[in-house]
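Asks: Please read through the structure below; I'll follow up with questions.
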Amino acid sequence: MSAQSLEILNEGIRYQRAGFRMQAAKLYRRVPKGDRYHGDALNLLGTLRFEQGMALDAARLIGEAVRVNPRNTTAWGNLGRVLKHLALFDKAAACFRRAALLAPERPDGVAGLSQVTTGTELARTLRRRLALSPLDVDGLIEFGNDRSRDGDKAGAAERFRRVLVIDPRSFAGMFNLGNAVRDLGQSDAAAWCYERSLVLDPGNANVLNNRGLLAFNRADWATAERWFRKAVGAYGLHAAGWSNLARSLQKQGRDQAAVDGFRRGLAIDPRNMPVCCEFAGLLELPKWARFGLVVDPLQATAYNRLALLATKDPTRRAVMPWLRRGACMRPDDPDTWYNIGVELGRSGDAEAAAKYGWLATRVRDNHAFAHLNTALALLVLERFEPGWEEHRRRVESAEAAPFMRYFDIPEWIDQDLAGRRLLVWGEQGIGDEIQFMTLIRHLIRRGARLTVLTEPRIRPIVRRSLPGVAVPDVADPSGKLEDHHGCDMHVALGDLPHRLRLFCGGTERPEPWIVPDPDRVARLRAGLLERHPGKRLVGITWRSVAPKTGGRRTVPIELWGDFAATPGVAVVSLQYGLKQQDLDDIAALGCDIDHAHGVEPIMDLDGLAALVAAVDLVVCPPNNTVHFAGAMAKPCWVMVPTRPDWRWGLTRSDSLWYPNTRVFRQESDDDWMPVMRRVADALRAWAGEAA
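Mind the numbering: the sequence shown is residues 1 to 691 in full-length UniProt numbering, read in order.
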């Protein structure tokens, strides 16, 4: 019967391949028990049942096959695949191992084993699989994905490139290569891979979604929105596409449209805990974050979101309990430690802010915000050496990306500058650029020939003040390699304190550098003295327009009445963005605050410099005006809030950066009245000295 059984099996295989499964099953059953091919028949009948979706029946039949013939390598492999489908991974792995032992020269068992193992065993299995079959595209893709999961993005990219050498039309190879190079920070290469992937598989929602993420990560919200809309248009049940579309809409201030996107994403995937938490933040409804806790109580995201929502309560009493619970659940979550540091720093404990920020960076070294928060805490504590080291990592944050510039020349660390051309580029706000420019002359003394890239509004000031420095007109940062203007090295302006070891062993100190337009200064001062003969001129600002911290750095205009009434003093407005409401509030004081000088400081920074130079004293909360005064050595009194910015320290009444600046400190949150009393008393004493 054996020869006849073999013919029956071959005929059954032909029927099965042709799709005639019932006829194939009848033929397989004709092979009797005890026949040498009975085990093969059971194996084939099991594969047929598996094709029909009857996995349990398939497992029973193929299990009988391996009991009949324990050396049937193919049956062991098939049983492993069925058990894998049934999520019986340990049993599946045992079957694949048996297949690999029976036929070590065949890749089938090893290939199956690679699909049900993890960790170091998976890596070993994949290497063995590729040794047996070097052109195994699926094996290379699995190996690349394994390398990517382990954080070896470069190794993953190399495997995916090998896939494309073997099969240039491999969609999986091209798409995964795009993901790998994206994670390596090569956004242009990732975009090219995604575009090629769309040629291979037009309308693939995953590719369209990832294309949108590239735009989202460079803060191009409108472009990101278009790609995400294409993704959900290609596949309406793409949960990530809807959620990402909602995020891009939220970034554009279209919160109501974002609500719809999040709702659609959660309708498709209601167990997506991070989206639940984002939705809670958008609606400011803690119940959605609590639902996230139900979905996965062991993740820190929901605890962090509930802590953030608890900040809406002025008492903030629930913030730390939520954060502590998150830290207990997931001590390996860096965001929780970072948020604890931020909250403790907000309460005035800079030591704790530095401690927990440092802990967050130990959990995940590339947590840029934790590095920055740690740096700011260390600097306000005047622990400059570790502070400047941490401050270098600020450029890794997402917020820094739009301001970063890239050049095909080395970065200046500590190389000799004599005779070298050094490109210095600003990457922060105007106030920070003016502050860090107080170190620029030290580079010139070291023999460097400087080219400075800075904000357009202060370029005229830099050209006048530093005549030997080249200040080219350049476009905003593009995120791509830029012209290095013939320089040999480059350095970010904010890294100069680190390079010069400022206040921590270096000999250099900040120096005033701004030279205002002398003719304009003379005209402005003459006009002011003509309107206020015999009086000393005091320039003031009272409001900061900084989006996040401006409220804390604003002194209400109604508190300036006693100050403005000081005898022998004429008060001059240096306030940028002066509004009609400001003028009405000034009039209500019953005092004269001069705003007729014709300078609009928010756009005319050269005019602001001249106006600061034209007055005798500047008094204001911390804003750009303070930096202009300090960089000209103009006497300046700065009123800092509780939890001051890092540059003012915690207790000193002077400034390390600006020698003629005096610091008045707020003693309790939002209470400027005692500060203004002290400032008014000091002003009367100052005016009396002049008299």
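For every residue, glycine included, the Cβ atom is placed at its ideal position computed from N, Cα and C.
1. Measure the C-alpha to C-alpha separation of L208 and D432 and round it to an integer number of angstroms.
2. Quick check: the Cα distance between A280 and L83, rounded to an integer number of angstroms?
3. Assuming W358 is part of the alpha helix (DSSP H), what are its boundary residues?
4. Could you check whether the Cβ of D150 sits closer than 7 angstroms to any heavy atom belonging to the ligand PLP?
5. Taking the Cβ atom as the reference point for each residue, do N373 and V342 lie within a distance shorter than 8 angstroms?
6. Roughly how many whole angstroms lie between the Cα atoms of L245 and G253?
7. For the beta strand (DSSP E) that contains A492, what are its first and last residues?
8. Please name the residue, chosen from L79, P70, K287, H627, that lies closest to F50 on a Cα-to-Cα basis.
9. Do W388 and M437 have their C-beta atoms within less than 8 angstroms of each other?
10. Can you give me the C-alpha to C-alpha distance between V31 and F228, rounded to a whole angstrom?
11. Pick out the complete alpha helix (DSSP H) segments inside the region 571 to 633, 4 residues or longer, and give them in chain order.
12. Just to confirm my understanding: we take G561, look at its own chain, exclude 5 residues before and 5 after, and list those with CB closer than 8 angstroms. What are they?
13. I'd like to check one pair, R264 with W242: are the Cβ atoms closer than 8 angstroms?
14. Taking the continuous alpha helix (DSSP H) assigned at R536, which residues delimit it?
15. Quickly, what does DSSP pair T47 with across the bridge? List them, please.
16. Going by Cα to Cα distance, which pick from R317, L376, T301 is closest to N272?
17. Can you tell me the Cα-Cα spacing of N660 and I540, whole angstroms?
18. I want to know whether the region 633 to 646 touches the region 662 to 671 - three or more CB-CB distances under 8 angstroms.
19. Let me know the beta strand (DSSP E) ranges lying completely inside the region 412 to 476, each 3 residues or longer, listed in chain order.
20. If you reduce the DSSP assignment to three classes, tell me which class D669 lands in.
21. State the Cα-Cα distance for the pair P477 and M404, rounded to the nearest angstrom.
22. Please tell me whether R464 and L605 are closer than 8 angstroms, where the distance is taken between their beta carbons.
23. Between A234 and A205, how many whole angstroms is the CB-CB distance? I'm expecting something under 8 angstroms.
24. From S655 to L496, what does the alpha carbon distance come to, in whole angstroms?
25. Using three-state DSSP, classify L285 as helix, strand or coil.
26. Since V545 is in the alpha helix (DSSP H), which residue starts that stretch and which ends it?
27. Measure the beta-carbon distance from A368 to A219 and round it to whole angstroms, keeping in mind my assumption that it falls under 8 angstroms.
28. Specify, as a first and last residue, the run of the alpha helix (DSSP H) that V515 falls within.
29. Of the choices F503, R392, E411, whose alpha-carbon is the least far from that of D488?
30. For G326, count neighbouring Cβ atoms within 10 angstroms of its own Cβ and tell me buried if that reaches 16, exposed if not.
31. May I ask you to list the residues that DSSP assigns as paired with C636?
32. Taking I166 as part of the alpha helix (DSSP H), name the residues at either end of that continuous run.
33. Less than 8 angstroms between the CB atoms is what I'm expecting for F156 and A180, so what's the real figure, rounded?
34. Restricting to Cα atoms, I'd like to know which of D40, D408, A59 is closest to T74.
35. Less than 8 angstroms between the C-beta atoms of E278 and L309, yes or no?
36. What residues in its chain sit with their C-beta under 7 angstroms from that of R678, if we drop five residues either side in the sequence?
Replies: So, from the data block:
1. 39 angstroms
2. 40 angstroms
3. 350 to 363
4. Among the components of this structure there are no ligands whatsoever, and the ligand PLP is therefore not found.
5. yes
6. 13 angstroms
7. 489 to 492
8. L79
9. no
10. 56 angstroms
11. 580 to 589, 605 to 614, 624 to 631
12. L589, G590, C591
13. yes
14. First-last for R536: 536 to 540, but that is the beta strand (DSSP E), not the alpha helix (DSSP H).
15. The partner list for T47 (beta bridge, DSSP) is empty, contrary to what the question assumes.
16. T301
17. 16 angstroms
18. yes
19. 421 to 425, 449 to 453
20. coil
21. 6 angstroms
22. no
23. 4 angstroms
24. 18 angstroms
25. coil
26. No alpha helix (DSSP H) contains V545, which DSSP labels as neither H nor E.
27. The pair is not a contact, with the Cβ atoms about 15 angstroms apart (cut-off 8 angstroms).
28. Premise fails: V515 is in no alpha helix (DSSP H) and is neither H nor E.
29. E411
30. buried
31. V618, T661
32. 153 to 166
33. Going by the sequence as given, residue 156 is Ala instead of Phe. The pair is a contact, with the Cβ atoms about 4 angstroms apart (cut-off 8 angstroms).
34. D40
35. no
36. F664
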